[in-house]
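Asker: Please find one structure pasted underneath; my questions will follow.
In the numbering used here, the protein residues as written are 2 to 971.
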């Protein structure tokens with residue numbers, strides 16, 4: 002979940018942005034987010050939503066919008082992210098972690114940029130910060146003075162950041178990039194003199210003096226014409242420097258400093274010798290995934306050299322004492338050569354910053370983890386090469402091949418190469434792992450050294466290879482989490498996830514060229530999505546396209562769109578997603594592999610241990626343990642506590658592990674959903690179960706989730722809505738119609754709770770399944786619910802056609818309660834069309850059927866709607882009597898929706914009978930209960946009734962007279 006203010010105000014979730022609705026509600030959300038975790042008073046919210054005098058019912062409108070926002074957030078599982086919209090007296094507060102708010106992350110990145118030591122790192126941080134902007138701040142909100150002021154402040158911060166980015170580019174000598182960053186902003190803000198001055202300087206230093214001067218004259222004329230003023234000092238000084246030729250064109254890699262234009266900035270010492278330190282380097286191996294060395298390569302690099310007539314001379318760290326283990330008379334060399342830098346590296350600003358933070362600790366061990374092909378090695382090598390001066394005693398690298406085809410090197414083999422690189426004579430290398438590890442720790446005790454251990458299988462493989470110095474940094478990459486290394490050596494985990502779409506398309510452009518990607522931006526974005534943001538998949542796709550220049554990106558995307566063959570298209574020669582995943586799976590125990598293979602057949606988007614157990618034919622405890630093993634190997638991801646997801650490409654691979662199990666897995670998960678939804682509906686609405694007969698051949702799960710109360714049951718139904726729909730669609734496609742309609746109909750408590758949330762399409766799918774089964778019971782029940790939804794959506798004509806056959810179908814199935822429900826729902830539509838007498842007759846028939854069963858739940862339902870119709874027919878006393886009878890049938894804590902509706906009709910009846918104070922009290926109680934329970938429809942009905950009262954002339958006159966009397970008395 003992510004809250005966005007830097008662009009259109011929205012709430013992004015895994016399933017897309019939440020439907021926030023009108024601008025007032027979006028403005029309310031913006032006001033709360035601008036003061037996240039701080040109470041915002043009703044007065045402040047009113048100022049944000051209305052510029053002029055607010056309406057009399059402003060408080061009611063705000064309460065309605067808050068109620069809807071709260072419902073949207075709960076429906077999107079916001080509490081799992083630590084998000085809560087709470088009421089505090091006369092104020093509201095939106096509690097949320099700062100990491101979920103783009104404006105907070107923007108400020109954090111600006112702070113990090115200020116802390117960077119070099120301009121290259123500053124550029125990375127600032128670009129990452131600016132990438133968060135998706136348009137003008139607070140787009141889509143009402144243009145009130147407070148929100149406009151906030152938007153202006155955010156925009157000012159963005160423009161300042163662009164100017165800082167340009168200065169950082171200038172420090173790097175990349176003045177053409179500085180000019181490109183500034184030009185668009187200078188056009189959009191033509192009278193911002195600081196932008197114009199910065200652009201002139203950048204253009205001048207990149208050799209484009211005429212453009213720089215033209216920029217000055219355009220800005221000068223605009224200032225004179227629009228404001229009647231001359232250029233300020235900053236703009237005039239920039240113009241004068243250009244005319245004097247100061248700070249002229251500067252080559253990339255140089256800056257303008259005290260020594261004048263073009264003076265070279267100091268950099269790391271470069272080895273130019275051709276002696277032993279050069280000739281003795283181990284040869285480069287070819288590279289596999291993301292620039293990682295091929296299996297078998299172990300690169301340990303020594304002897305930085307200075308060229309001269311006498312050949313290379315080894316550089317000895319002055320603080321390293323002589324060692325009896327070094328070759329006779331030879332000083333210990335500096336190990337300073339890593340594998341080549343990864344090509345086309347993009348993004349990863351947050352991960353690079355996290356590595357830098359972790360490396361700043363004492364004797365740190367940084368643990369880069371992530372799934373196969375996500376770019377762990379590329380990240381590690383890119384970071385290791387960014388600051389060579391940070392490790393004056395060198396950098397060691399070893400490919401541990403924990404997940405490779407070739408055999409792993411033994412710890413002794415790795416340590417031997419490390420010790421030789423540090424100058425230990427071959428005959429002095431101990432022959433035991435313990436002895437070699439002890440010597441390695443001793444030699445590195447006073448060194449500042451980087452050790453990169455790539456592709457580690459487990460913690461035990463890493464521990465003997467850790468250096469001993471407090472100034473040493475160890476960087477470990479692994480597909481496993483290596484929790485043991487975190488526990489024993491305080492390793493700092495730096496998880497690596499998939500690339501965001503912009504970085505994915507940038508990676509494609511790095512291989513294919515920007516022109517080819519810019520020619521098909523939509524297809525490029527689609528390719529990035531189909532590759533799931535996995536760098537390995539993107540590189541394989543780019544490699545296939547590079548070898549086929551006649552292919553369009555759209556054609557490649559169409560090819561990858563077919564799930565049946567996608568993985569085969571993501572392999573080239575011995576590199577690819579399938580091969581990489583196979584190496585990971587090979588390390589798993591059989592039980593974890595079995596569960597992974599069954600997860601591939603899951604029709605939904607997420608799962609918990611109960612779902613995994615149903616798919617695999619196991620129990621939740623066993624499934625939970627398997628999920629932990631799969632998560633440790635980064636094959637599944639725990640998106641929130643107890644809620645797991647599969648990457649699309651992993652899902653396709655898993656499906657191929659056990660293809661014959663698809664039918665059993667589908668039946669298992671469908672029956673799991675039926676059993677769990679039955680339990681949820683029974684907890685949410687005791688005694689109101691709409692379908693109690695289990696389907697033929699029902700496979701009872703080994704365990705079913707228990708729900709402690711209604712709130713927990715409703716939360717499960719809301720969280721699982723999408724997956725229940727996907728499961729029903731899969732059941733329908735597989736010819737399992739008896740499961741399909743049950744899975745949908747069992748969500749009826751959630752349908753009632755959120756009746757206007759677009760339920761019609763999925764209920765139509767249920768109706769098609771019931772008709773296909775020729776099941777009158779199922780068809781009647783589905784028609785009842787769908788007809789009511791259509792009524793609430795204002796589609797009364799369609800509702801009548803849907804509901805008219807329903808009572809007869811229920812009678813055919815001998816379903817008296819279904820017939821009663823059908824009569825009630827049909828009566829509601831008849832009342833909407835003006836047939837109140839016919840509608841009340843239908844409700845009374847339903848009441849008799851319910852009492853004959855007997856069934857208090859259905860009787861209360863009939864009384865609730867009968868009371869509403871009696872009120873509409875001008876019979877308020879009858880309506881009040883019906884509501885009282887309904888209240889008497891159920892306990893005081895009757896579920897919130899029914900209680901709110903009964904309170905509302907009682908309040909309106911009291912008002913019609915002249916008891917205004919009692920009526921307003923009941924309506925206010927209904928609105929408060931609905932708001933606290935998150936029942937939007939009930940809250941709106943009660944608030945609308947209150948508005949009708951407060952807007953009436955009699956009410957206004959009475960309250961005005963009362964106010965005058967109070968004033969006179971005062």
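For each residue, glycine too, the CB sits at the ideal point set by N, CA and C. None of the values given here were measured: they were computed from a predicted structure.
Taking 8 Å as the limit between beta carbons, can you name the residues of its chain near residue 450, skipping five residues before and five after?
Answerer: Looking up residue 450 in the chain shown gives position 449. So the list reads 336, 392, 394, 395, 396, 397, 468, 470, 472, 473 and 474, once near-sequence residues are dropped.
Asker: If distances are taken between C-alpha atoms only, which option among 155, 403 and 87 comes closest to residue 103?
Answerer: Against the chain shown, residue 103 aligns to sequence position 102. The shortest Cα separation from residue 103 among 155, 403 and 87 belongs to 155.
Asker: Could you tell me the alpha carbon to alpha carbon distance between residue 817 and residue 484, rounded to whole angstroms?
Answerer: In the chain shown, counting from the first residue as 1, residue 817 sits at position 816. In the chain shown, counting from the first residue as 1, residue 484 sits at position 483. Roughly 59 Å between the two C-alpha positions.
Asker: Can you tell me the Cα-Cα spacing of residue 189 and residue 205, whole angstroms?
Answerer: Here the question's residue 189 lines up with position 188 in the chain shown. Here the question's residue 205 lines up with position 204 in the chain shown. Computed Cα separation, rounded: 21 Å.
Asker: Within 8 Å of any Cβ in chain B, is that where the Cβ of residue 834 sits?
Answerer: In summary, chain B is missing from the structure at hand, where a single protein chain is found.
Asker: Does the separation of the CB atoms of residue 756 and residue 790 fall below 8 Å?
Answerer: Taking the chain shown and counting its residues from 1, one reaches residue 756 at position 755. Taking the chain shown and counting its residues from 1, one reaches residue 790 at position 789. Yes. Within cutoff.
Asker: Could you tell me the alpha carbon to alpha carbon distance between residue 125 and residue 166, rounded to whole angstroms?
Answerer: Locating residue 125 in the chain shown gives position 124, counting from the first residue. Locating residue 166 in the chain shown gives position 165, counting from the first residue. Straight-line Cα distance between these residues: approximately 9 Å.
Asker: Kindly confirm or deny that the stretch 935-947 and the stretch 895-904 touch, where touching means at least three C-beta pairs closer than 8 Å.
Answerer: A contact exists between the stretch 935-947 and the stretch 895-904.
Asker: In this structure, does DSSP put residue 418 in helix, strand or coil?
Answerer: Here residue 418 corresponds to residue number 417 of the chain shown, with the count starting at 1. Reduced to three states, the DSSP call for residue 418 is helix.
Asker: Kindly indicate which residue of 911, 180, 853 and 850 has the alpha-carbon position closest to the one of residue 869.
Answerer: Here residue 869 refers to the residue found at position 868 of the chain shown. The residue with the shortest Cα to Cα distance from residue 869 is 911.
Asker: Sorry if obvious, but does the Cβ on residue 548 come closer than 7 Å to a heavy atom of the ligand FAD?
Answerer: Ligands in the displayed structure: none, and consequently the ligand FAD is not present.
Asker: Indicate the three-state DSSP secondary structure (helix, strand or coil) for residue 581 in the structure shown.
Answerer: Numbered from its first residue, the chain shown carries residue 581 at position 580. If DSSP states are grouped into helix, strand and coil, residue 581 belongs with the helices.
Asker: Thinking residue 352 and residue 497 are a contact (beta carbons under 8 Å), I'd like their distance in whole angstroms, please.
Answerer: Position 351 of the chain shown, counting from 1, holds the residue named residue 352. Position 496 of the chain shown, counting from 1, holds the residue named residue 497. Residue 352 to residue 497, Cβ: 6 Å. Contact.
Asker: Taking just the CA atoms, how far does residue 704 sit from residue 663?
Answerer: Stepping through the chain shown from its first residue, residue 663 is reached at position 662. Stepping through the chain shown from its first residue, residue 704 is reached at position 703. Their Cα atoms are separated by approximately 21 Å.
Asker: Hey, how far is the Cα of residue 877 from the Cα of residue 709?
Answerer: As a first step, residue 877 is located in the chain shown; it is residue number 876 there, counting from the start. As a first step, residue 709 is located in the chain shown; it is residue number 708 there, counting from the start. About 39 Å.
Asker: Within 8 Å, do at least three Cβ pairs link the stretch 666-673 to the stretch 599-618?
Answerer: Segments in contact, yes.
Asker: Relative to the C-alpha of residue 794, which residue among 175, 824 and 753 is closest?
Answerer: Along the chain shown, one-based indexing puts residue 794 at 793. Of 175, 824 and 753, the residue nearest in Cα terms is 753.
Asker: If distances are taken between C-alpha atoms only, which option among 571, 539, 569 and 658 comes closest to residue 596?
Answerer: Reading the chain shown from its first residue, position 595 is the one you call residue 596. Comparing Cα positions, the closest option is 658.
Asker: Strictly by DSSP, which residues pair up with residue 92?
Answerer: Looking up residue 92 in the chain shown gives position 91. Beta-bridge pairing links residue 92 to 42 and 89.
Asker: Please report the distance separating the alpha-carbon of residue 728 from that of residue 768.
Answerer: Numbered from 1 along the chain shown, position 727 holds the residue referred to as residue 728. Numbered from 1 along the chain shown, position 767 holds the residue referred to as residue 768. Spanning the two alpha carbons is a distance of roughly 15 Å.
Asker: Under a Cβ-count criterion, where at least 16 other Cβ atoms within 10 Å of its own Cβ denotes burial, should residue 456 be classed as buried or exposed?
Answerer: On the chain shown, residue 456 is found 455 positions in, with the first residue counted as 1. It is buried - the Cβ of residue 456 has at least 16 other Cβ atoms within 10 Å.
Asker: To the nearest angstrom, how far is the alpha carbon of residue 320 from that of residue 447?
Answerer: On the chain shown, residue 320 is found 319 positions in, with the first residue counted as 1. On the chain shown, residue 447 is found 446 positions in, with the first residue counted as 1. Note that residue 320 has pLDDT 39, beneath the 50 cutoff, so the model's placement of it is unreliable and the number below is only indicative. One C-alpha to the other measures close to 8 Å.
Asker: Quick check: what's the CA-CA separation for residue 42 versus residue 138?
Answerer: Reading the chain shown from its first residue, position 41 is the one you call residue 42. Reading the chain shown from its first residue, position 137 is the one you call residue 138. Answer to the nearest angstrom: the Cα atoms are 23 Å apart.
Asker: How long is the line joining the alpha carbons of residue 642 and residue 360, rounded to whole angstroms?
Answerer: As a position in the chain shown, residue 642 is number 641, starting the count at 1. As a position in the chain shown, residue 360 is number 359, starting the count at 1. For residue 642 and residue 360, the distance between alpha carbons rounds to 29 Å.
Asker: Alpha carbon to alpha carbon, how far is residue 242 from residue 187? Give it in angstroms, no decimals.
Answerer: As a first step, residue 187 is located in the chain shown; it is residue number 186 there, counting from the start. As a first step, residue 242 is located in the chain shown; it is residue number 241 there, counting from the start. Rounded to the nearest angstrom, the two C-alpha atoms are 20 Å apart.
Asker: Within a Cβ cutoff of 7 Å, which residues of the same chain sit near residue 771, ignoring the five residues on either side of it in sequence?
Answerer: For the purposes of this step, residue 771 is taken as the residue at position 770 of the chain shown. Around residue 771: 742, 779, 780 and 783.
Asker: Please classify residue 457: does DSSP put it in a helix, a strand, or coil?
Answerer: By one-based count along the chain shown, residue 457 stands at place 456. Three-state DSSP puts residue 457 in a strand.
Asker: Count the C-beta pairs between the stretch 45-54 and the stretch 12-32 that are closer than 8 Å, then say yes if the count reaches three, no if not.
Answerer: Verdict: yes, contact present.
Asker: Starting from residue 646, trace the alpha helix (DSSP H) in both directions and tell me its first and last residue.
Answerer: Position 645 of the chain shown, counted from the first residue, corresponds to residue 646. From DSSP, residue 646 is part of no alpha helix (DSSP H) but of the beta strand (DSSP E) over 644-646.
Asker: Per DSSP, residue 608 is paired with what?
Answerer: Translated into the one-based positions of the chain shown, residue 608 becomes position 607. DSSP output for residue 608 lists 645 as bridge partner(s).
Asker: Going along the chain, which residues of its own chain have a beta-carbon closer than 6 Å to the beta-carbon of residue 95, five neighbours each way excluded?
Answerer: Taking the first residue of the chain shown as position 1, residue 95 is located at position 94. Result list for residue 95: 33, 37 and 86, in chain order.
Asker: Please classify residue 3: does DSSP put it in a helix, a strand, or coil?
Answerer: Position 2 of the chain shown, counted from the first residue, corresponds to residue 3. Strand, per DSSP.
Asker: What beta strand (DSSP E) runs, 3 residues minimum, are completely inside the stretch 878-906?
Answerer: For the stretch 878-906, not a single whole beta strand (DSSP E) run of length 3 or above is found.
Asker: So, helix, strand or coil for residue 139, using DSSP?
Answerer: Numbered from its first residue, the chain shown carries residue 139 at position 138. DSSP places residue 139 in coil when its eight states are reduced to three.
Asker: Between which two residues does the alpha helix (DSSP H) containing residue 489 stretch?
Answerer: Here residue 489 corresponds to residue number 488 of the chain shown, with the count starting at 1. Its alpha helix (DSSP H) spans residues 484-490.
Asker: Could you give the distance in angstroms between the alpha-carbon of residue 561 and the alpha-carbon of residue 763?
Answerer: Mapped onto the chain shown, residue 561 falls at position 560. Mapped onto the chain shown, residue 763 falls at position 762. For residue 561 and residue 763, the distance between alpha carbons rounds to 29 Å.
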